[in-house]
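Student:
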Amino acid sequence: MGRNLLIAITLIVSSFSESMVEKASSNWIVNPGALTTFFDQLQHLQSEKEGIVSIVHIGDSHVQADFFSGTVRKNLQNRFGNAGRGFVFPYKIAMSGGALDVRFRYSGNWQYCNIMRNADVCNLGAAGFTLTSSPNSTFVLDVISKAETDAAFNKITLLDYYGSFLPSQVIGDFEPQRVNDRTVIYFDEFQDSLEFKPLYEGNMRPELQGLVLENGLPGVLYHAMGVNGSSTTQYLKSNGFEKQIRELSADLVIISFGTNDSYVPTGNFSAQRVKERYRTLITRLRTENPSISILLTTPPDHYYKRKYSSKNVPKLVDALYELAAEEGVAIWDFYHVMGGENSILTWKSEGNARGDLVHFTQEGYIKQGNLLYEALMGHFTTR
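Numbered according to my numbering, the sequence shown spans residues 867 to 1249.
#1: For I1037, report the span of its beta strand (DSSP E) as first-last.
#2: Whole-angstrom Cβ separation of Q843 and F946, contact assumed at under 8 Å?
#3: Which one of H1225, P1166, I1111 has the shortest CA to CA distance from R1152?
#4: I'd like to confirm the pairing. Which residues does DSSP put opposite E1059 in its beta bridges?
#5: What's the C-alpha gap between R1257 and D906?
#6: Alpha carbons only, please: which of D1167, M982, D932, K940 is nearest the one belonging to V1086?
#7: Taking the C-alpha atoms as reference points, what is the distance between N1236 and T937?
#8: Which residue's Cα is closest to the Cα of V1045: N984, Y1027, L1060?
#9: In three-state terms, what does DSSP make of W894?
#10: Any contact between the stretch 1165-1184 and the stretch 1127-1141? By contact I mean 3 or more CB pairs, one from each, below 8 Å.
#11: Based on the DSSP secondary-structure assignment, which residues constitute the bridge partners of T1163?
#12: Does DSSP put G1095 in a helix, a strand or coil?
#13: Excluding the 5 residues preceding and the 5 following E1240 in the sequence, name in chain order all residues of the same chain whose CB lies nearer than 7 Å to its CB.
#14: Check whether the Cβ atoms of L1114 and V922 sit closer than 8 Å, and answer yes or no.
#15: Going along the chain, which residues of its own chain have a beta-carbon closer than 8 Å to the beta-carbon of G1038, five neighbours each way excluded?
#16: Pick out the complete beta strand (DSSP E) segments inside the stretch 1073-1159, 3 residues or longer, and give them in chain order.
#17: Per DSSP, what kind of secondary structure is E1041 in: helix, strand or coil?
#18: Which same chain residues, not among the five before or five after E1154, have their C-beta less than 6 Å away from its C-beta?
#19: Distance, Cα to Cα, N1081 vs Y1174?
#20: Exposed or buried, what is L872 when buried is set at 16 or more other beta-carbons lying within 10 Å of its beta-carbon?
#21: Please determine, among F1123, V1006, K915, L990, the residue with the shortest C-alpha to C-alpha distance to I959.
#22: Using only CA atoms, which one of V987, T1149, Y1187 lies nearest to Q1138?
#23: Check A1219 in the structure and name its three-state DSSP category.
#24: Within 10 Å of its beta-carbon, does E1067 have 16 or more other beta-carbons around it, so buried, or fewer, so exposed?
#25: Skipping 5 residues on each side, what residues in its chain have a beta carbon closer than 7 Å to that of G1206?
#26: The alpha helix (DSSP H) with V1183 in it runs from where to where?
#27: Thinking just about the alpha-carbon of each residue, which of G974, S927, D986, A949 is nearest to the one in A965?
#28: Between the alpha carbons of F970 and Q1075, how many angstroms are there, rounded?
#29: Alpha carbon to alpha carbon, what distance is there between L1065 and Q1043?
#30: Measure the C-alpha to C-alpha separation of N980 and S1034 and round it to an integer number of angstroms.
#31: Leaving aside the five residues before and after E1229 along the sequence, list all residues of the same chain whose C-beta is less than 7 Å from its C-beta, in chain order.
#32: Could you tell me the distance, in whole angstroms, from the CA atom of V1224 to the CA atom of L1238?
#33: CB V929 to CB M1091, shorter than 8 Å?
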């Protein structure tokens, strides 16, 4: 690295550090210039009422339940338009939990894998899960029973391999097409509940990595993809996440890891090692998505085993500031926004965090989602 470049990076990192308390604690995005293209796309959508702005939010259990990400989705769609529910996945088949506004039922025999188990023998995408069907497999998608916003769809894209899945008992007519090796189904009437059965092509068993629901309207698509217990270590095991994010035409990727990366004894933690894993993730993203905007969210304050205030999180936050300066990405520093060290105790006393002092209540995640939305809009409206 050249001396002048090294000096420049050092000055940027120093500037980030100086702004940490002033900017982050007052709920601002640090290095918002990294989001200029994304903000321009939002402005075009707002002004012209045309097109779709696609956001992919990846992370751990803080994202998988979708209270946090779902709040950001709802707020953005209320302001800029609702282009559809976006990515959904039948986590129930994989013995895991997902968003409450989308319901799945299933029958028959299924197999699954994810980035937390047998990732080395499985084809995985951005969601970190893959389902493998059998001839008797079925699943039902229901976006009406618990929906908070209009999630009816007239287009569905199946992230499928080795065959596909087709709906039965459809209202009106539908036309399945094969587009870029994916099954895309167009309906002439809006759907809100469908049963799917596997469609075999040869001897391979059809696999499913998720579904994308759209309604044909201009607006925001917000795809949330979380894996409970995951860290950057596990997510990097997904051999196809960067290509699948390209398939989703993502304009912005929000990266919300760090809790599990830092949930270890202090003596076993290296912020620099975690930082380099983040760098690898960013590099892989940009390989397939060179013009994408990237926003890192810092992990929240937590206690280790409910007894010890985490000393690792502030070290990781500092390392992520360094990384943001070096890689030209933006940061939303939730650690300082929520109050910094020991603030998880305050959030718990207010009913916003759970007794494990790691996770939040539904109300706490909604608060977090509102804060992120407000930070983004603060820069969008004043830039």
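Ideal placement from N, C-alpha and C gives every residue a C-beta, glycine not left out. Quantities reported herein were computed from a predicted structural model and do not represent experimental measurements.
Tutor: To lay it out plainly:
#1: First-last for I1037: undefined, no H or E at that position.
#2: Residue 843 cannot be examined here, being either before or after the span of the chain that is shown, 867 to 1249.
#3: Ranking H1225, P1166, I1111 by Cα distance to R1152 puts I1111 first.
#4: At residue 1059 the sequence reads Ser, which differs from the Glu that was named. Looking at the DSSP assignment, S1059 forms a beta bridge with D1008.
#5: With the chain represented from 867 up to 1249, any question about residue 1257 goes unanswered, as that position is not in the structure.
#6: When each option's Cα is compared against that of V1086, the closest is K940.
#7: N1236 and T937: Cα-Cα distance of roughly 6 Å.
#8: Of the candidates N984, Y1027, L1060, Y1027 places its Cα closest to the Cα of V1045.
#9: In the structure shown, W894 sits in coil (DSSP, three-state: anything other than H, G, I, E or B).
#10: In the pairwise beta carbon analysis, the stretch 1165-1184 is classified as touching the stretch 1127-1141: at least three pairs are separated by under 8 Å.
#11: Beta-bridge analysis with DSSP links T1163 to W1198.
#12: Secondary structure of G1095 (DSSP, three-state): coil.
#13: Its chain contains N893 as the residues whose beta carbon lies nearer than 7 Å to that of E1240, once the 5 sequence neighbours on both sides are disregarded; these appear in chain order.
#14: Cβ atoms of L1114 and V922: closer than 8 Å.
#15: Same-chain partners within the cutoff: F1053, D1054, E1055.
#16: You should have 1073-1080, 1085-1092, 1118-1122.
#17: It is a strand residue.
#18: Excluding sequence positions up to five before and after E1154, its CB lies within less than 6 Å of the CB of E1108, K1109, R1112, all in the same chain and listed in chain order.
#19: Distance between the alpha carbons of N1081 and Y1174 is about 47 Å.
#20: Confidence at L872 is low in this model, with a pLDDT of 43, below 50, so the placement of that residue is unreliable and no value is reported for it.
#21: Residue V1006 is the option with its Cα nearest to I959.
#22: Nearest to Q1138 by C-alpha distance, out of V987, T1149, Y1187, is Y1187.
#23: The DSSP-derived three-state label of A1219 is strand.
#24: By the C-beta density criterion, E1067 is exposed, having fewer than 16 other C-beta atoms within 10 angstroms.
#25: Annotation for G1206: D1167 place their beta carbon closer than 7 Å to its own, counting only its chain and skipping 5 residues before and after.
#26: 1178-1193 is the span of the alpha helix (DSSP H), which, as asked, contains V1183.
#27: Comparing Cα positions, the closest option is S927.
#28: Cα to Cα, the separation comes out at about 14 Å.
#29: Whole-angstrom Cα-Cα distance: 13 Å.
#30: Linking N980 to S1034 through their CA atoms gives a straight-line distance of about 28 Å.
#31: Excluding residues within five positions, the ones whose Cβ falls inside 7 Å are G1217, N1218.
#32: Approximately 19 Å between the Cα atoms of the pair.
#33: Taking 8 Å as the cut-off, the beta carbon of V929 is found closer than this to the beta carbon of M1091.
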